[in-house]
Each structure stands twice: as structure tokens, then as C-alpha cells.
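One line per chain: the protein sequences are A and B, in this order.
All the letters of the first sequence, read from the start, carry residue numbers 26 to 397 under our numbering.
All the letters of the second sequence, read from the start, carry residue numbers 26 to 397 under our numbering.
Idealized CB from N, CA, C, for every residue including glycine.
Keep in mind it's a predicted model, so treat the numbers as computed, not measured.
Below is one structure; the comments refer to it alone.
Number of protein chains: 2
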Amino acid sequence: MKILHTADWHIGRRLNGADLLCDQMHVLDQLIDYIKEEEIDLCVIAGDVFDRSNPSQSALGLVNEYLYKINIELGVPVLAISGNHDSRSRLDYGSYWFEKSNYHMRTSIEDILKPVIIDDHHFYMVPYMDVLEAKQYFKDDTIVAHHDVYRKITEEIHGVMDREARNILVGHMFMSNAKASESERPLSIGLSEEVGADLFKDFEMVLLGHLHHPFAIEHDTIFYSGSLLKYSFSEVRQPKGFRVIETGDGNKCRFVPTKCKYDLVHYKGSYEEVINEAVRFEDNNAYFKFELTGLETVKDPMAKLKMIYPNTLELRPVVEAHEKYRSTVDINQSDDGEIFDAFIKQVHGAELTEYQSGLFNKLFKGDADETD
Amino acid sequence: MKILHTADWHIGRRLNGADLLCDQMHVLDQLIDYIKEEEIDLCVIAGDVFDRSNPSQSALGLVNEYLYKINIELGVPVLAISGNHDSRSRLDYGSYWFEKSNYHMRTSIEDILKPVIIDDHHFYMVPYMDVLEAKQYFKDDTIVAHHDVYRKITEEIHGVMDREARNILVGHMFMSNAKASESERPLSIGLSEEVGADLFKDFEMVLLGHLHHPFAIEHDTIFYSGSLLKYSFSEVRQPKGFRVIETGDGNKCRFVPTKCKYDLVHYKGSYEEVINEAVRFEDNNAYFKFELTGLETVKDPMAKLKMIYPNTLELRPVVEAHEKYRSTVDINQSDDGEIFDAFIKQVHGAELTEYQSGLFNKLFKGDADETD
């Protein structure tokens with residue numbers, strides 16, 4: 026069986042205010058083409074189809090359209106779970122009808138012991154759930170962290186599992202020792218999120234969502250597909266795509282990269298070289314985050330940058346602290362004039378002129394006198 | 026064919042803050058039982074399934090559950106359109122999958138010329154649309170009111186209609202000369218909402234939603250089902266239920282009343298008789314709107330009423346203006362003292378005492394002097 030494994034579509038997500046719907050469609054079109062050309066038998070979506078619990082109408086429309094293409098037009102069964110960004114009850118809407126077309130959207134903790142069975146493959150679908158909810162559902166006070174949630178869940182599944190079948194778990198969690206990016210919403214505050222990989226050793230395969238890096242974990246049987254797009258500047262160097270698993274005598278798993286419409290670029294340098302195109306980028310329409318020196322005297326640099334790089338999303342000024350002026354003023358030992366002097370040197374890279382120095386003394390001391 | 030015609034469920038609606046989900050389930054259960062027992066062949070829902078364009082999770086869950094019962098459990102085809110309260114793109118979510126189970130949720134203006142065909146019945150499904158939208162869609166500047174919208178739509182349908190078939194239109198509009206209640210949201214402000222019945226004479230039957238009174242119009246072939254519940258105190262005297270139409274040599278249409286969980290009661294009288302239970306109501310748990318006299322000296326009358334009538338939703342004080350004191354003071358001809366005197370007489374039903382009169386003169390004139 027040829028399984029396409031994807032996750033973390035986050036449809037409706039915005040990046041620094043930029044609408045990414047067209048970018049998401051661009052990648053989903055490649056996914057659809059791949060399913061068609063490579064004759065994929067099954068599509069697994071491991072959570073966070075939507076970015077928000079109450080998605081916009083355009084986000085709903087897009088998901089509706091692409092799942093229609095996969096499930097109805099191409100006739101490929103879809104196995105999906107809800108993630109921590111999704112609203113379970115909203116995703117559940119229509120799921121009875123979806124099931125009849127082999128589109129299984131599982132959002133409920135009650136269903137984790139009922140695998141979706143396709144040939145000899147038993148898919149245990151585990152939607153994201155939080156610690157408190159699992160604690161109440163299982164009436165088990167020893168559940169205090171995410172690891173405990175999955176300890177309990179895997180115990181329960183072990184109790185019903187058919188050992189002769191190919192048992193595959195689909196989940197949405199933070200697997201131990203995996204690499205996180207900035208754009209995964211924390212699963213909980215103040216509780217350990219990490220789940221130990223050893224819990225899953227009785228499964229032939231574990232297909233995960235949540236972490237955006239497709240190689241967030243290196244493991245023989247546990248895989249993240251990674252997210253559809255780079256959803257934060259911390260993901261700039263991450264490959265994006267989906268996984269394809271061919272089950273058989275030995276399972277073959279490979280990562281298939283996709284091409285984004287506009288890449289994310291994080292550039293550190295000087296305003297001068299960027300605005301004069303002394304530095305060249307692969308695509309000036311990329312989503313840029315610039316960290317630039319030399320902005321002190323430029324009026325509205327963002328507007329000027331956008332003339333050349335229209336999708337500039339973030340601009341941070343970098344102040345060059347010249348080594349020779351880097352000072353360590355002890356503010357308890359120095360007077361106000363000395364502190365100000367050191368500050369100006371470090372920020373502007375030049376000494377105060379006599380006029381500036383006089384002005385400071387006059388104004389600062391004048392103020393001080395008044396308030397005395 | 027036995028068709029059940031319902032509309033205006035308004036799931037998620039609140040009445041003066043009271044949650045009506047349980048009341049709605051109570052009536053929907055009767056509808057389900059009827060479908061089962063009377064072997065209904067088809068269920069038509071003529072718009073406003075939801076009360077808001079972005080329904081709550083509990084509203085979504087309820088609609089999902091009941092449509093599942095009708096369509097999947099009982100296997101009865103469902104023909105539904107969006108109304109003016111619904112969001113078309115939200116309702117459209119999942120509709121591709123629904124169609125495969127004979128649950129046709131039509132929300133799009135593009136589909137009005139494609140009838141849902143069941144045996145020799147051709148159902149033209151016309152979702153609610155506003156005047157501006159129709160004007161743009163049809164590129165027709167003569168569309169300036171709702172009547173023009175349906176003039177255009179019926180013209181278009183006439184062009185494609187199979188005259189040999191039983192042509193039935195399902196719509197959501199305000200038919201001319203029909204009776205409105207307080208709880209239908211206006212279709213437009215400043216434009217005529219009314220649609221003339223003569224536009225529909227080529228249809229064997231027209232099944233409508235929008236108006237909440239099941240007898241809002243008296244016509245041989247045009248029917249409103251009325252709303253699921255009484256959704257405002259202006260609907261207190263309206264029967265509620267659904268319609269059942271048996272098509273055949275001659276169509277037989279009847280109204281089937283349902284029982285509400287708690288009735289709506291609008292009572293006008295005195296606080297005295299209500300709080301002492303001198304007047305008896307059929308059900309003290311009904312949703313009450315009281316308009317009562319004798320409240321002037323009662324502290325927190327709402328709390329006291331709720332001890333006996335827990336679902337009191339509205340209380341309005343009625344001030345008895347005694348006939349003998351009803352006065353017509355000409356404010357241009359009278360001085361301030363005379364106007365105040367007449368006001369107090371009318372509101373309190375008693376003359377000012379000498380002390381009160383002196384106090385008014387002193388304070389009012391005192392104020393006037395100060396501002397001079």
C-alpha cells in the first residue's frame with residue numbers, strides 16, 4: 026500500500042499579516058498531482074488542517090475543495106485527525122457523511138480503540154487531546170504530563186490490538202528529543218510536552234503531526250511529515266514536503282519535497298547593499314525578514330525596501346557597536362554626562378561634538394535644576 | 026411521494042438570553058418520530074437552519090446530529106437551502122459528501138437552474154440571495170427589489186423547465202400580503218422585500234421559509250412551514266409545526282402541529298394577582314413576558330417573580346394613568362410648576378402635597394436662579 030503522509034496544513038495561517046492561502050494552494054496542487062501520478066492508495070493527515078478553531082470562510086472553502094479533489098475526484102481514502110489548532114467539534118461537522126466516502130475525520134477520544142481498517146492495515150487514529158481532558162476521560166490521576174496521556178492510550182490500544190495486523194498509529198504530539206520551531210503553539214504551559222518514543226514500539230509505524238520539521242526525529246518507525254509551508258522565520262532552513270510510505274515486506278519511507286510559491290528569506294547585512302542590490306537574492310518576491318545596519322538616517326526604510334522586495338514582512342535595525350567604542354561604563358561610578366557620552370559613542374559610532382556635548386549639559390542639568 | 030416541509034430552525038437562537046437548544050431538540054425529536062412513523066419519503070428544509078452565520082459548536086453539533094438521524098439513520102433524502110441567517114460558504118462545507126447520501130445542501134446561485142430530480146419531481150432550490158448580489162450575478166440593472174430578483178430567477182427557470190415534470194420551487198423570501206412577525210431579520214433596509222405570488226404560477230408547488238407563521242399566506246400552491254419554535258413574543262399565538270405534502274393526482278397538504286417544551290406566554294395584569302397566584306397559568310415553567318401594574322413599591326420584582334415563574338424573560342412596568350388625572354397640559358402655555366404638577370398626577374395618580382409642591386418650587390427655582 027502506498028500511503029501519503031502529510032500534516033500541519035494550517036489553512037488560514039497568516040505570516041506577519043500576509044495571507045498565505047495562495048501559497049497553500051500552490052503546494053496542495055503539487056500534492057494532488059503526486060497522488061494522481063504516483064497512484065497513492067491512501068492519504069493520512071496527522072492534525073492541524075486548519076490554523077484556528079474557528080476558521081474563516083475562505084479557509085473552510087479551500088479545505089473543502091482540496092479534500093474533495095483527493096477523496097471524491099481521485100477516490101483516495103483520507104484518514105485525518107484533529108490537532109491542537111483545530112476545533113474538534115467544528116471538524117466533526119459532516120464526519121458521518123465523510124465516512125461513507127472513506128474520508129475518516131476522527132476528532133473524538135472515544136474512537137481511539139476503533140481502528141480504521143484498510144486491508145491488513147489497522148490505523149489507530151489518536152486526535153490531539155490535552156492532559157486534563159485525558160485525566161478526566163480515563164479517570165486516572167497519574168496522568169500529569171503528555172507522556173502519561175500516551176502511556177495510557179498505548180496501554181489501552183495494546184489491550185485490543187490485533188498482533189497479526191499491521192498496526193499504525195496516527196497522532197499529533199511532541200516526540201522526545203525532536204526539534205521544535207517557533208510556530209508550533211505550545212501544547213501546554215508549565216507541563217512537560219515531550220512524549221517518549223519507547224511507548225510506541227509495538228506499532229509497525231507511527232505517523233505524526235505537530236512538529237514542523239520533517240526530520241524532527243530520526244527513528245526507523247516514527248515519522249513527522251513536517252508542515253505544508255514554512256510558517257515562521259525559524260523554519261527558513263527546513264525542507265517542506267510530505268512523506269510517502271510503501272508498506273510491504275519491508276516498509277519504504279521517503280520524503281518528497283515540494284516547491285513553495287515564495288520562499289522565506291532571513292537576511293542579515295547592511296541597508297546599503299540591499300537597497301542598491303549589491304546583494305542578489307534568488308527571488309525578490311520572497312517573504313523577507315531583514316536585519317540591517319545603516320538604518321539610522323533612512324526615512325521610512327520599509328517603504329523603500331518594498332519597492333524592490335514587495336513581500337518584505339519584517340525589518341529590524343541592527344546598530345553597529347564599533348569595537349573601539351564598546352565601553353563598559355560603571356553607572357554607579359560615572360556621572361550623567363559620562364554615561365550619555367558612552368551611550369552615544371556606542372550607538373552612533375562617533376564621539377559627541379562640542380556643541381552636542383554642551384547642549385546635553387545645558388538641557389540635562391537645566392531639567393535637573395528645575396526638579397530639585 | 027410524502028414530503029415533510031420545514032424551515033427556520035434557527036438552531037443556536039437565544040430568546041432574551043435564554044438558551045433554546047433543549048427546546049429545539051424537543052421539537053426535532055417529534056419531527057424525527059413523525060418521519061419514522063409516517064414513512065416520509067423526503068425532507069425539505071427551506072432555509073435558516075442556523076440562526077447565525079457563524080454558529081456555535083453546540084449549534085453545529087445539534088444540526089449534525091439531527092440531519093444524521095434523518096438522512097443516514099432513516100435514509101430519508103434531505104433537500105435544504107441557505108436562508109438569510111445562514112452563511113452560504115459555511116453551510117457549503119461538506120456538501121459534496123452530503124450529496125452522495127442524497128442530502129442536497131444548496132447554497133449557490135449558480136445551481137438554481139439544476140433541479141434536484143427525484144422520480145418525476147423536479148425541485149428548483151433557490152437559496153436566499155440579496156438584491157445587489159442578484160443584480161451583479163444576472164448583470165441586470167432592472168433588479169432593484171426582491172420582487173425583481175425572483176422575476177429574473179423564475180424567468181430563467183422557465184427557460185429550462187421540463188413542463189411534463191412536477192416542478193416544485195424551494196425558496197426563502199417574504200411573499201406578498203403575508204404576515205410578518207418580530208423575529209424575521211429584515212431582508213433589506215429601505216427596499217421592498219415583498220415578492221408577488223403571481224411569479225410562481227408555473228410551479229406545481231412552492232415550499233417556503235423565512236416567515237415564521239405557517240399560515241402567513243393563504244394560497245393553493247404556495248406554503249410556509251413556519252418556524253420550529255416561537256422565536257419572539259409576537260409569535261405567542263402562532264401555531265408551530267411542519268407541513269406534510271402528499272403528491273399524487275391532487276396534492277394533499279396539511280399542517281402538523283408540534284408540542285413545545287415550554288410555551289411562550291405574554292401576560293398583562295397586576296403584580297398582585299401574579300405573585301399571589303390569583304391568576305393561574307397552564308405551566309409556571311413557560312417563558313413569560315409580564316406587563317404588570319403595581320410595581321412602583323416592589324423591590325426587585327423580577328427576582329420575586331422568578332421564584333414562582335423561573336423562566337420569566339421580560340418584565341415591563343405598566344403605570345396606571347387614572348382617567349380623572351389624565352391631562353393635556355399645553356407646555357407652551359403653562360409654567361414649570363403646572364407642568365410638573367400634571368406629570369406627578371398622571372404618573373402617581375395623586376395630587377402633590379403642599380410640602381412636595383413647596384419643595385419643587387424651592388429646588389427648581391433655586392436651580393434656575395443659580396444658572397441665570
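Original post:
Can you tell me whether DSSP reads B/Pro335 as helix, strand or coil?
Top reply: The count along the second sequence starts at 1 and reaches residue 335 of chain B at position 310. DSSP places B/Pro335 in coil when its eight states are reduced to three.
Original post:
Using a Cβ cut-off of 9 Å, which residues of the region 96 to 122 of chain B contact any Cβ in chain A, in chain order?
Top reply: Asn96, Ile97, Ser112, Arg113, Ser114, Arg115, Asp117, Tyr118, Gly119, Ser120, Tyr121, Trp122
**OP:** Indicate whether at least one CB of chain A lies closer than 8 Å to the CB of B/Ser133.
**Re:** Position 108 of the second sequence, counting from 1, holds the residue named residue 133 of chain B. Closer than 8 Å: no.
**OP:** Below 8 Å CB to CB, which residues in the same chain sit around B/Phe258 once its five sequence neighbours on both sides are set aside?
**Re:** In the second sequence, the residue the question calls residue 258 of chain B occupies position 233. Excluding positions up to five away in sequence, the list reads Glu207, Leu289, His291, Lys314, Glu339.
**OP:** Compute the Euclidean distance between the alpha carbons of A/Glu271 and A/Phe280, then round it to the nearest angstrom.
**Re:** In the first sequence, residue 271 of chain A corresponds to position 246, counting from 1. In the first sequence, residue 280 of chain A corresponds to position 255, counting from 1. Their backbone Cα atoms lie some 12 Å apart in a straight line.
**OP:** With DSSP as the reference, label A/Asp397 as helix, strand or coil.
**Re:** The sequence position of residue 397 of chain A within the first sequence is 372, counting from 1. The pLDDT assigned to A/Asp397 is 42, lower than 50, so where the model puts this residue is not dependable; a value taken from the coordinates is nonetheless given after this. A/Asp397: coil per DSSP, three-state reduction.
Original post:
Could one say the Cβ of B/Tyr128 lies closer than 8 Å to chain A's Cβ atoms, at least one of them?
Top reply: Position 103 of the second sequence holds residue 128 of chain B. It does; some Cβ of chain A falls within 8 Å.
Subject >> Proximity winner among B/Arg176, B/Ile95, B/Val220, B/Asp136, relative to B/Leu64 (alpha-carbon distances) >> reply: By 1-based counting over the second sequence, the position of residue 64 of chain B is 39. A quick correction: the sequence has Glu, not Leu, at residue 64 of chain B. Looking at the Cα atoms, B/Ile95 is the closest of the given residues.
Original post:
Contact between the region 109 to 119 of chain B and the region 70 to 85 of chain B: three or more CB pairs below 8 Å?
Top reply: yes
Original post:
Would you say A/Leu53 faces chain B, with C-beta separation under 8 Å as the test?
Top reply: Counted from its first residue, the first sequence places residue 53 of chain A at position 28. So no, A/Leu53 is outside the interface.
Original post:
beta strand (DSSP E) containing A/Gly294: first to last residue?
Top reply: What you label residue 294 of chain A is simply residue 269 of the first sequence in a count that begins at 1. From DSSP, the beta strand (DSSP E) with A/Gly294 extends over 289 to 295.
Subject >> Any 3 or more C-beta pairs closer than 8 Å across the region 28 to 39 of chain A and the region 248 to 258 of chain A >> reply: yes
**OP:** Could you tell me whether the Cβ of B/Gly86 comes closer than 8 Å to any Cβ of chain A?
**Re:** Working through the second sequence from its first residue, we reach residue 86 of chain B at position 61. With 8 Å as the cut-off, B/Gly86 counts as an interface residue toward chain A.
**OP:** Mark B/Glu209 as exposed unless 16 or more other C-beta atoms lie within 10 angstroms of its C-beta, in which case mark it buried.
**Re:** Residue mapping note: residue 209 of chain B aligns to position 184 of the second sequence, counting from 1. Its Cβ being crowded by 16 or more others within 10 Å, B/Glu209 is buried.
**OP:** For A/Tyr93, decide whether its Cβ has a neighbour in chain B, counting only Cβ atoms nearer than 8 Å.
**Re:** As a working note, residue 93 of chain A is residue 68 in the first sequence. Yes, because at least one Cβ of chain B sits closer than 8 Å to the Cβ of A/Tyr93.
**OP:** Mind checking which residues open and close the beta strand (DSSP E) that includes A/Ile270?
**Re:** Your numbering for residue 270 of chain A matches position 245 in the first sequence. Residues 266 to 271.
Subject >> 8 Å Cβ cutoff, B/Thr396 in contact with chain A >> reply: Counted from its first residue, the second sequence places residue 396 of chain B at position 371. Any reading at B/Thr396 is ruled out, since the residue's pLDDT is 44, under 50, leaving its predicted position unreliable.
Subject >> As assigned by DSSP and simplified to three states, the class of A/Phe228 >> reply: Locating residue 228 of chain A in the first sequence gives position 203, counting from the first residue. Coil.
Subject >> Candidates B/Lys324, B/Asn89, B/Lys284, B/Leu317: closest to B/Ala311 by CA position >> reply: Locating residue 311 of chain B in the second sequence gives position 286, where the first residue counts as 1. Checked all of B/Lys324, B/Asn89, B/Lys284, B/Leu317; the closest Cα to B/Ala311 is B/Lys284.
**OP:** Taking all protein chains shown into account, decide if B/Glu307 is buried (16 or more other Cβ within 10 angstroms of its Cβ) or exposed.
**Re:** Your numbering for residue 307 of chain B matches position 282 in the second sequence. When all chains shown are included, B/Glu307 counts as exposed.
**OP:** In the DSSP assignment, find the unbroken beta strand (DSSP E) run with B/Cys278 in it and report its ends.
**Re:** To locate residue 278 of chain B, count along the second sequence from 1; it is residue 253. Per DSSP, B/Cys278 belongs to the beta strand (DSSP E) from 277 to 282.
Original post:
Taking all protein chains shown into account, do 16 or more other C-beta atoms lie within 10 angstroms of the C-beta of A/Gly383, making it buried, or fewer, making it exposed?
Top reply: To locate residue 383 of chain A, count along the first sequence from 1; it is residue 358. That one is exposed.
Original post:
Does the Cβ of A/Arg262 have 16 or more other Cβ atoms within 10 Å, making it buried, or fewer, making it exposed?
Top reply: Within the first sequence, residue 262 of chain A is the residue found at index 237, counting from 1. Exposed: under 16 other Cβ atoms inside 10 Å.
**OP:** Would you kindly report the start and end of the unbroken beta strand (DSSP E) that includes A/Gly196?
**Re:** Mapped onto the first sequence, residue 196 of chain A falls at position 171. Counting along the chain, the beta strand (DSSP E) containing A/Gly196 begins and ends at 191 to 197.
Subject >> As assigned by DSSP and simplified to three states, the class of B/Lys27 >> reply: Reading the second sequence from its first residue, position 2 is the one you call residue 27 of chain B. Reduced to three states, the DSSP call for B/Lys27 is strand.
Subject >> Residues near B/Ala393 in its chain [Cβ-Cβ closer than 6 Å; skip 5 each side] >> reply: Walking along the second sequence from the start, residue 393 of chain B turns up at place 368. Because the pLDDT at B/Ala393 is just 49, under 50, the model does not fix this residue reliably, and the value given afterwards should be weighed accordingly. Cβ neighbours of B/Ala393 beyond the five flanking positions: none.
Subject >> Listed by chain order, chain A residues near B/Gln82 by CB distance under 7 Å >> reply: The residue given as residue 82 of chain B occupies position 57 in the second sequence. Going along chain A in sequence order, the residues near B/Gln82 (Cβ under 7 Å) are Ser112, Ser114, Arg115.
Original post:
Hey, is A/Lys370's beta-carbon within less than 8 Å of any beta-carbon in chain B?
Top reply: If you number the first sequence from 1, residue 370 of chain A lands on position 345. It does not; no Cβ of chain B falls within 8 Å.
**OP:** List the residues that DSSP assigns as beta-bridge partners of B/Phe148.
**Re:** Numbered from its first residue, the second sequence carries residue 148 of chain B at position 123. For B/Phe148, which the question treats as bridged, DSSP gives the partners B/Val141, B/Ile193.
Subject >> Per-residue contacts from B/Lys125 into chain A (C-beta, under 9 Å) >> reply: Indexing the second sequence from 1 puts residue 125 of chain B at position 100. Here the neighbours are Ile97, Trp122, Lys125, Ser126.
Original post:
Residues of chain A with CB under 8 Å from B/Asn79, in chain order?
Top reply: Within the second sequence, numbered from 1, the residue matching residue 79 of chain B stands at position 54. The contacting residues are Asn79.
**OP:** Name the residue from B/Glu219, B/Glu302, B/Gly196 whose alpha carbon lies nearest to the alpha carbon of B/Asn202.
**Re:** Looking up residue 202 of chain B in the second sequence gives position 177. Checked all of B/Glu219, B/Glu302, B/Gly196; the closest Cα to B/Asn202 is B/Glu219.
**OP:** Indicate whether at least one CB of chain B lies closer than 8 Å to the CB of A/Asn89.
**Re:** Here residue 89 of chain A refers to the residue found at position 64 when the first sequence is read from its first residue. Yes, because at least one Cβ of chain B sits closer than 8 Å to the Cβ of A/Asn89.
**OP:** Using DSSP bridges, identify the partner residues of B/Leu67.
**Re:** Along the second sequence, one-based indexing puts residue 67 of chain B at 42. Answer is B/Ile28, bridged to B/Leu67.
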